[in-house]
Amino acid sequence: MTKRQAKKRAPLFSVEDRDNLSWLWAHYLRKRAPLLGLVLAMILVQGLVYQQFLSLTETGLRVIFESGDVAELALVCVVVFFLFAVRGLMSFLVPLVTVRVSNAAIYEMRRDLLAHLMSLDLAFFERTKSGEIIQKFVTQTQQLGVFVGQATAAAVRDAVTVFIVSGYLIYKNAILFGAAVVILPFIIWIMNYVSDRIKQGQTDAEAALGDYMNGIEETMNGMRTVKISSQEDMETSRLLKGTASIRDLLTRVQTTQALMLPAIDLSSAFVYVLVIGGGGYMVLSPGFDMDGAGIITFLLGMVMIFDPARLLAQFFAQLQANLVLLSRIRALYDEAATINDAPDAVESFDTSGDIVLEDVHFSYSPDQPLFEGLDMTFAGGRVSAIVGATGSGKTTILSLLSRLYDVGSGRITIGGQPIDQLKVSALRRAFSVVAQDIVIFNNSIWENIRYVKPEASEAEIWEAAENAEIADLIRRRGDAPVGPKGAQLSGGQKQRIAIARAFLRDAPVLLLDEATSALDQATEARIKSALGRLTRGRTTIIVAHRLSSISDADTIFVLEAGQLVEKGHHEDLLDQGGLYAQLYRAQKRGYDAA
Ligand SMILES: Nc1ncnc2c1ncn2[C@@H]1O[C@H](COP(=O)(O)OP(=O)(O)O)[C@@H](O)[C@H]1O
Ligand SMILES: [Mg+2]
Numbered sequence: 002m003t004k005r006q007a008k009k010r011a012p013l014f015s016v017e018d019r020d021n022l023s024w025l026w027a028h029y030l031r032k033r034a035p036l037l038g039l040v041l042a043m044i045l046v047q048g049l050v051y052q053q054f055l056s057l058t059e060t061g062l063r064v065i066f067e068s069g070d071v072a073e074l075a076l077v078c079v080v081v082f083f084l085f086a087v088r089g090l091m092s093f094l095v096p097l098v099t100v101r102v103s104n105a106a107i108y109e110m111r112r113d114l115l116a117h118l119m120s121l122d123l124a125f126f127e128r129t130k131s132g133e134i135i136q137k138f139v140t141q142t143q144q145l146g147v148f149v150g151q152a153t154a155a156a157v158r159d160a161v162t163v164f165i166v167s168g169y170l171i172y173k174n175a176i177l178f179g180a181a182v183v184i185l186p187f188i189i190w191i192m193n194y195v196s197d198r199i200k201q202g203q204t205d206a207e208a209a210l211g212d213y214m215n216g217i218e219e220t221m222n223g224m225r226t227v228k229i230s231s232q233e234d235m236e237t238s239r240l241l242k243g244t245a246s247i248r249d250l251l252t253r254v255q256t257t258q259a260l261m262l263p264a265i266d267l268s269s270a271f272v273y274v275l276v277i278g279g280g281g282y283m284v285l286s287p288g289f290d291m292d293g294a295g296i297i298t299f300l301l302g303m304v305m306i307f308d309p310a311r312l313l314a315q316f317f318a319q320l321q322a323n324l325v326l327l328s329r330i331r332a333l334y335d336e337a338a339t340i341n342d343a344p345d346a347v348e349s350f351d352t353s354g355d356i357v358l359e360d361v362h363f364s365y366s367p368d369q370p371l372f373e374g375l376d377m378t379f380a381g382g383r384v385s386a387i388v389g390a391t392g393s394g395k396t397t398i399l400s401l402l403s404r405l406y407d408v409g410s411g412r413i414t415i416g417g418q419p420i421d422q423l424k425v426s427a428l429r430r431a432f433s434v435v436a437q438d439i440v441i442f443n444n445s446i447w448e449n450i451r452y453v454k455p456e457a458s459e460a461e462i463w464e465a466a467e468n469a470e471i472a473d474l475i476r477r478r479g480d481a482p483v484g485p486k487g488a489q490l491s492g493g494q495k496q497r498i499a500i501a502r503a504f505l506r507d508a509p510v511l512l513l514d515e516a517t518s519a520l521d522q523a524t525e526a527r528i529k530s531a532l533g534r535l536t537r538g539r540t541t542i543i544v545a546h547r548l549s550s551i552s553d554a555d556t557i558f559v560l561e562a563g564q565l566v567e568k569g570h571h572e573d574l575l576d577q578g579g580l581y582a583q584l585y586r587a588q589k590r591g592y593d594a595a
């Protein structure tokens, strides 16, 4: 957060803050109103205990100074002890209840955030840093929950204490109290000044911490590249720089915090001197109704409200930071998914029908159109292939079919049914996909295959694994996890897991995006015959680099910079002598030479 934004937050509650708070109340707190009421009642009891204690102390002191009745003094002592026992009991019960309230609220907030997050479009995850999402889920919800529960309960207790005890002191001696609180504006000014600086420093430190975390994640993930290019020293110094700036920022914050205490001490000295001097003068002058017991009690009262008042001021500083958190968390809810079920979406459709793109326009960003009127027909039950240079839009076409993205205009139909009128889940169930960037979880190979069909039988999984030539590896590795993102596997092994998933999933439409690019020719040849069985009678779309591997496709589409430039059978395309023929000859020369 910048200085300017910190300034903008200056009013204690902006309209947005109030809106956010009422949202928080409505969603997570209102249902717990009875418990919160109980907490409030217990807090009130705590405040009253202080007031009673003061009044009893005054009585006790008068007994000592004046009547000298030991029995009465003993009674005062017993009652004082009892009062503090009650306060102690409340101090035990209040956190007991508030912890429950806040942890339940944190749980619900995370649950709702998670459900919302899962509903968001793929595009959201491609533009949002994962660190940012992690921060929302882990620290920000936790901090906010604790603030709403424990911190707020403590603040209410402090406010009640200040309120009740001040009321009692005013009732006892309004003039003296008035004199003592003239210092208040000064204290508040110091608090504001210090807490402003703390908030600023804290925000900077948090941002630095976030960058630092991102940096570590990036370096660890890119360790292969770091080592190959011998950039360990550079990475070390980059991360050290982050650590140093965190050190400096935190030192600054904590130094500022240290300023607070002497300021408080000095101002309390001022107040005590005023009370002792002014009160003492009142005791000595005949015109005032004040005695020694009164002034000691008064002083005691001032001591009792000082700390709560200080904590209350701190609470308001924290409040500002937490209002920022609240608005950040709520901002995630403002992210709306655009790829949803239409109101009248249907579940069933002809999954074996033609897949047709009609006048499809699409762009990832408005200033860079990718498809401008693309027309394609992938025949149902047949094998189609898409070829073209990298970046020509092959993967994007596959993404559009399963609605990972929606077309800008035009439409895509399957079996005559526009895909945006289908239930998204039903549409996606129709696809087996071997994606270009394969996602492997840190689990056994077996579990990684099973991921796409958790209810599959053991025999089914073995069959899929055999077909994808990965069964031997499963037998060798057993249940050993494959490392984060499958780091312990080769590119080809990952691809074979992905192919096994496609076999297991057994969906009516098969999308293969460079599915065999990382395999050696011998393995590819063996898998190809299995894939041949898999594609039989199934609508299949193959994106391939190696043109020799798609020469028997029923239709080949040639793409160039988002435009369909050629289509037809392998032989026809060769005869045409266009881009395809050119690419094919270039590759053939390459292989022959090799
Ligand atoms: N998630 C994305 N966000 C923005 N641009 C993208 C994204 N994915 C791909 N692109 C861009 O769209 C174009 C087509 O990409 P893609 O369909 O992956 O090509 P291909 O699969 O043919 O190599 C490229 O210029 C690429 O940079
Ligand atoms: Mg691609």
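Heads up: take any position in the sequence shown, counting from 1, add 1, and you land on my numbering. Every residue gets a Cβ at the ideal spot worked out from N, C-alpha and C, and that includes glycine.
Between residue i and residue j, which are expected to be in contact by the criterion C-beta below 8 Å, what is the C-beta distance as a whole number of angstroms?
| i | j | result |
| --- | --- | --- |
| residue 40 | residue 98 | 5 Å |
| residue 385 | residue 542 | 5 Å |
| residue 61 | residue 46 | Actually they are not in contact, since the Cβ atoms of residue 61 and residue 46 sit about 21 Å apart, beyond 8 Å. |
| residue 588 | residue 548 | 6 Å |
| residue 166 | residue 51 | 6 Å |
Is residue i near ligand 1, judged by its Cβ being under 7 Å from some heavy atom?
| i | result |
| --- | --- |
| residue 395 | yes |
| residue 129 | no |
| residue 391 | yes |
| residue 334 | no |
| residue 371 | yes |
| residue 581 | no |
| residue 365 | yes |
So is the beta-carbon of residue i under 7 Å away from any non-hydrogen atom of ligand 2?
| i | result |
| --- | --- |
| residue 342 | no |
| residue 496 | no |
| residue 437 | yes |
| residue 514 | yes |
Comparing C-alpha positions only, which one of the options sits nearest to residue i?
| i | options | result |
| --- | --- | --- |
| residue 189 | 265, 242, 451, 291 | 265 |
| residue 449 | 296, 502, 567 | 502 |
| residue 110 | 241, 143, 121 | 143 |
| residue 55 | 521, 479, 120, 171 | 171 |
| residue 309 | 586, 584, 152, 274 | 152 |
| residue 246 | 232, 208, 79 | 208 |
| residue 221 | 240, 204, 203 | 240 |
| residue 19 | 307, 289, 327, 210 | 327 |
| residue 365 | 89, 389, 405 | 405 |
| residue 427 | 343, 191, 37 | 343 |
| residue 128 | 336, 30, 323 | 336 |
| residue 341 | 263, 420, 389 | 420 |
| residue 435 | 507, 381, 483 | 507 |
| residue 462 | 447, 474, 331, 476 | 447 |
| residue 380 | 538, 72, 329, 591 | 538 |
| residue 334 | 87, 259, 120 | 120 |
Please confirm whether residue i and residue j have their CB atoms less than 8 Å apart.
| i | j | result |
| --- | --- | --- |
| residue 413 | residue 352 | no |
| residue 168 | residue 213 | no |
| residue 525 | residue 545 | no |
| residue 284 | residue 278 | no |
| residue 137 | residue 123 | no |
| residue 206 | residue 251 | yes |
| residue 493 | residue 520 | yes |
| residue 469 | residue 504 | yes |
| residue 362 | residue 350 | no |
| residue 540 | residue 510 | yes |
| residue 313 | residue 197 | no |
| residue 150 | residue 195 | no |
| residue 551 | residue 569 | no |
| residue 276 | residue 300 | yes |
| residue 376 | residue 360 | yes |
| residue 374 | residue 560 | no |
Assign residue i to one of three DSSP states: helix, strand, or coil.
| i | result |
| --- | --- |
| residue 273 | helix |
| residue 336 | coil |
| residue 515 | coil |
| residue 370 | strand |
| residue 576 | helix |
| residue 453 | coil |
| residue 424 | coil |
| residue 14 | coil |
| residue 391 | coil |
| residue 541 | strand |
| residue 418 | strand |
| residue 568 | strand |
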